[in-house]
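S.K.: For the sequence shown, the numbering used here begins at 2 and goes up steadily by one.
Pasting in a structure now, in C-alpha cells, and then I'll have a few things to ask.
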Amino acid sequence: MMAQAESKNGPSKTSTRALVEDSLKRYLADIRRYPILKKEEEFELAKAISEGDAAATQRLINCNLRLVVKIALEYQSNRVSLLDLIQEGNMGLMQAVRKFDFERNIRLSTYAQFWIRAYVLKYLMDNYKLVKVGTTQAQRKLFYNLKKEKERLLQEGEQPTAERLAERLDVREKDVLEMETRLAGREVSLDAPVNGEDSGNLLDLIPSAKKGADELFDQLSVTAHLTDRLSRFRKSLRGRDSEIWDLRLVAEEPLTLQELGDRFGVSRERARQLEARIVRNLGKYLTQDEEFLDAMDFATPCRS
C-alpha cells in the first residue's frame, strides 16, 4: 500500500532524503580516490597547467575536492543542500586553479579557500530570506531554479528565453516573466543601500569572482562578523519572539502571518506588528555595534 501511494503522489520526503544521502556518500567515496598532493607535486602540476596541460588542470582540481567538502560543511544547514554547497564550492575551486600562480610560493589550498568561500557565500546570499521573492512554495522553487536553468541553457548554446525556461522548468511563461520582473525590481532588497544612502549595497559585500584573494579575505571577514552578530541576536530572543524568528524570518518554508497569528492566538495584524518589532530591534542591535559598523564602512566601496 505504501509503495502504491508513493508511486501516485511521487517520492516521499524520506525516500528523497535517502537518495540525496546516497548521492553524497557516493560522491565522498569517489573523491577519496584522489590523494592529497605534496607541495612539490602541486608545483609541478601548476607549472604544467601554465603550459596548457589540461590533464594537469583536472588532476589538481580532483586532488583538492576534499577541501571544498570541508569548507561546505562549515555552512551546512537545514535550509540548503550540502551537495549544492559543494557544487558551488567546486566552481570556486576551478576558478582558483585557473588563476593560481605557482611562482608565488604558496599552497593552492591557502589560495583556493578564498575562492571556494566566495562562491559558497554568493550562493547563500542568493538564497537568503532577506530576498523576498515569493510567498508560496512554488514561487520560491522557481526562484531557486531559474538562475541555474538559465546557465544550463547558455552552456548548451541556447538563449534562455522566458518561453524556453518555462518549458524546461514546467511552469507557465507568465510565471517566469513575473519572477524576472521581481528580481530586477526594487523588491529584491539586496539592491537596497546599506545605510539608506548611495554608499553601497548588500551585493557589494558579496565577494566577486574578479577580486583578489586579499580583498576576498576582507569581505569574508565582514560576512563572518555579520553571521556572528545574527547568531548573537537570535540568542537574545525569548518566548514567541524566538519562535517568530525561527518559524517566520529565517525558515525555509516560513509560516504566513495568519498561521503565526493562529499559533499565538492573535490577529494577523498583531502578528505583523510582532515581526516588525523584531526587525526594528535587529536594526538597532546592529547599528549599536561599532565594530560591525566599522567593518561595513571598510567593506563598502567609496563612490565618487
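Even glycine gets a Cβ: it sits at the ideal position worked out from N, Cα and C.
#1: Measuring only the C-alpha atoms, how far is L68 from D263?
#2: Is A277 buried or exposed, if buried means 16 or more other CB atoms sit within 10 Å of its CB?
#3: In the DSSP output, which residue or residues are listed as bridge partners for S78?
#4: For E89, count the other beta carbons within 10 Å of its own beta carbon; 16 or more makes it buried, fewer makes it exposed. Which is it?
#5: Using DSSP with H/G/I as helix, E/B as strand and the rest coil, what is F101?
#6: Give me, in chain order, the residues of the same chain whose beta-carbon lies closer than 7 Å to that of V172; leave out the 5 immediate sequence neighbours on both sides.
#7: Roughly how many whole angstroms lie between the Cα atoms of A73 and R241?
#8: Measure the beta-carbon distance from F103 to K48 and round it to whole angstroms, keeping in mind my assumption that it falls under 8 Å.
#9: Excluding five sequence neighbours on each side, which residues of the same chain lie with their C-beta closer than 7 Å to the C-beta of N65?
#10: Mind checking which residues open and close the alpha helix (DSSP H) that includes D171?
#11: What is the C-beta distance between L84 and L25, in whole angstroms, given that I count them as a contact (C-beta under 8 Å)?
#12: So, is I245 buried or exposed, given that buried needs 16 or more other C-beta atoms within 10 angstroms?
#13: May I ask you to report which of helix, strand or coil DSSP gives I107?
#14: Would you give the residue range spanned by the alpha helix (DSSP H) that G262 belongs to?
#15: With DSSP run on the structure shown, which of helix, strand or coil describes R239?
#16: Which word fits V280, buried or exposed, when buried means at least 16 other C-beta atoms lie within 10 angstroms of its C-beta?
#17: Confirm, please, whether the CB-CB distance from L125 to V81 is below 8 Å.
#18: Beta-carbon within less than 7 Å of L283's beta-carbon, same chain only, minus the 5 sequence neighbours each way: which residues are those?
#19: What number of angstroms, rounded off, separates the C-alpha of R99 from the C-alpha of R230?
#20: Looking only at C-alpha atoms, which of E159, K149 and A272 sits nearest to L250?
#21: According to DSSP, is V70 part of a helix, a strand, or is it coil?
M.R.: This is what the structure gives:
#1: 46 Å
#2: exposed
#3: V81
#4: buried
#5: coil
#6: L143
#7: 32 Å
#8: 6 Å
#9: L94, L109, S110 and A113
#10: Segment: none, D171 is in no alpha helix (DSSP H) and carries neither H nor E.
#11: 6 Å
#12: buried
#13: coil
#14: L258 to F265
#15: coil
#16: exposed
#17: yes
#18: F234
#19: 35 Å
#20: A272
#21: helix
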